[in-house]
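A.B. asks:
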Amino acid sequence: MKTIRIITIIIFSIFTVSCDRSGIFEEFQKATPWEFHVQVFNDDNMTQTVADAVVNIYKTKEDRDGNTNIFLTRNTGENGEAVFSLKDFEPGLDVQKSKGIYYVRVEKNGIVKNDITRYLLMNDGHTYHKIVLK
Numbered sequence: 011m012k013t014i015r016i017i018t019i020i021i022f023s024i025f026t027v028s029c030d031r032s033g034i035f036e037e038f039q040k041a042t043p044w045e046f047h048v049q050v051f052n053d054d055n056m057t058q059t060v061a062d063a064v065v066n067i068y069k070t071k072e073d074r075d076g077n078t079n080i081f082l083t084r085n086t087g088e089n090g091e092a093v094f095s096l097k098d099f100e101p102g103l104d105v106q107k108s109k110g111i112y113y114v115r116v117e118k119n120g121i122v123k124n125d126i127t128r129y130l131l132m133n134d135g136h137t138y139h140k141i142v143l144k
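Residue numbers for the sequence shown, in our numbering: 11 to 144.
(1) Going by beta carbon distance, what residues of the same chain come within less than 6 Å of R84, once the five residues before and after it are set aside?
(2) With H, G and I counted as helix, E and B as strand and the rest as coil, what does DSSP make of F99?
(3) Which whole-angstrom value describes the C-beta separation of V142 and A63, a residue pair presumed to lie in contact below a C-beta threshold of 8 Å?
(4) Expressed to the nearest angstrom, what Euclidean distance is found between the alpha-carbon atoms of K118 and Q106?
(5) Quick one: residues in its chain with C-beta nearer than 8 Å to the C-beta of D77, no 5 flanking neighbours on either side, listed in chain order?
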């Protein structure tokens with residue numbers, strides 16, 4: 011019984027001494043800037059990317075359906091991705107006004123795919139939206 015107490019005290023001491031007490035967490039020191047990645051594929055398995063597809067982002071469904079008032083636009087690169095930064099969504103960096111749902115239209119060679127994003131929080135990191143264009 012005495013041996014178990016000693017082992018417990020040693021383990022507890024190791025955990026207590028090894029904790030970082032600075033109050034600064036490493037994960038917050040290395041924040042990743044927010045980006046919105048639209049990935050375009052031409053197969054259901056999402057293995058074949060589509061380069062040079064036009065990706066338009068709209069603020070309303072009506073604008074997307076009518077292809078009017080384009081908010082943001084990019085062409086996909088060789089990797090089939092169009093990347094938008096936080097500055098693209100809100101040049102003044104007012105994230106509170108930029109958060110929300112956006113409407114996406116992807117087009118290439120007359121093929122059009124309409125979609126809607128999840129609610130974009132625009133926190134640290136990269137948000138991916140995958141679209142199959144066929």
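All residues carry an ideal CB built from backbone N, CA and C; glycine is no exception.
Treat the numbers as computed from the prediction; the structure is a model and nothing was measured.
C.D. replies: Quick look at the numbers:
(1) So the list reads V65 and A92, once near-sequence residues are dropped.
(2) Here F99 sits in helix by DSSP.
(3) Not confirmed; about 11 Å, so no contact.
(4) Just so you know, the alpha carbons of K118 and Q106 end up roughly 33 Å apart.
(5) Strictly speaking, residue 77 in this sequence is Asn, with Asp absent from that position. For N77, where only same-chain residues beyond five positions count, the Cβ hits under 8 Å are N66 and R115.
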